[in-house]
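Enquirer: Numbering that gives the first Met the number 0 numbers the first residue of the sequence shown as 0 and each following residue consecutively. Glycine residues also receive a C-beta, built at the ideal position from the N, C-alpha and C atoms.
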Amino acid sequence: MRTEIRRSTWVKPLLSVFGGTAERSYVDIKGDEIHVRFGWLFDERIPLSRVTSVERARWPLLGGLGWRTNFVDTVAVVGSYDDVVRIRLAQAQPMRVLLRVPAETLYVSVEDPDAFVAEVRRRIASRVS
Numbered sequence: 000m001r002t003e004i005r006r007s008t009w010v011k012p013l014l015s016v017f018g019g020t021a022e023r024s025y026v027d028i029k030g031d032e033i034h035v036r037f038g039w040l041f042d043e044r045i046p047l048s049r050v051t052s053v054e055r056a057r058w059p060l061l062g063g064l065g066w067r068t069n070f071v072d073t074v075a076v077v078g079s080y081d082d083v084v085r086i087r088l089a090q091a092q093p094m095r096v097l098l099r100v101p102a103e104t105l106y107v108s109v110e111d112p113d114a115f116v117a118e119v120r121r122r123i124a125s126r127v128s
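Next up, the structure:
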């Protein structure tokens, strides 16, 4: 399953400067991993075996849009304040947001959050069974 990263119309021009175009901004669940790409700055693969939960979430207005991190345990690639999902990992995985930072939580805005959440949960459940 592949879905585009949701990008609000007003922020698309700024995101495109860093490669955040429709072609380079997606989440792809393939095989046993989630591949998240957001422009030239973010390209990560997360093994489904590390995912402990996935759910819809809110991204705070003060959090801003684009490539974000708190440099402790959270990374976000959000092009919209709407349709954000939170992926929690069993253990921190280094992710590059300018620098490599350990992330136990990844926020990402997607075009179809309900379908994305359902697909990740289905794959996690089939792995456990």
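#1: Determine, using beta-carbon pairs with one atom in the segment 98–116 and one in the segment 69–87, whether at least three such pairs fall under 8 Å.
#2: With C-beta atoms as the reference, is L64 less than 7 Å away from V77?
#3: What does the Cβ neighbour count give for W66, buried or exposed, with the cut at 16 atoms within 10 Å?
#4: Threshold first: 4 residues or longer. Then list the alpha helix (DSSP H) segments lying entirely within the segment 5–43, N to C.
#5: Residue ranges of each beta strand (DSSP E) run of no fewer than 3 residues wholly in the segment 77–121, ordered along the chain?
#6: So, at 6 Å on beta carbons, what are the nonlocal neighbours of P112 in its own chain, with the 5 sequence-adjacent residues on each side left out?
#7: Based on the DSSP output, what are the partners of R1 in its beta bridges?
#8: Along the chain, where does the beta strand (DSSP E) containing W66 start, and where does it finish?
#9: Over the uninterrupted beta strand (DSSP E) stretch that includes R55, give me the two end residues.
#10: Buried or exposed: which applies to S131, given that a residue is buried once 16 or more other Cβ atoms fall within 10 Å of its Cβ?
#11: Between the alpha carbons of F17 and V71, how many angstroms are there, rounded?
#12: Assuming V119 and I28 make a contact with CB atoms under 8 Å, what is their CB distance in whole Å?
#13: Report yes if the C-beta distance between L14 and R122 is below 7 Å; otherwise report no.
Expert: Looking at the coordinates:
#1: yes
#2: yes
#3: buried
#4: 11–16
#5: 83–96 and 98–108
#6: R55, D82 and V84
#7: D27
#8: G65 to T68
#9: V50 to A56
#10: Nothing can be reported for residue 131, as the shown portion of the chain is limited to 0 through 128.
#11: 24 Å
#12: 6 Å
#13: no
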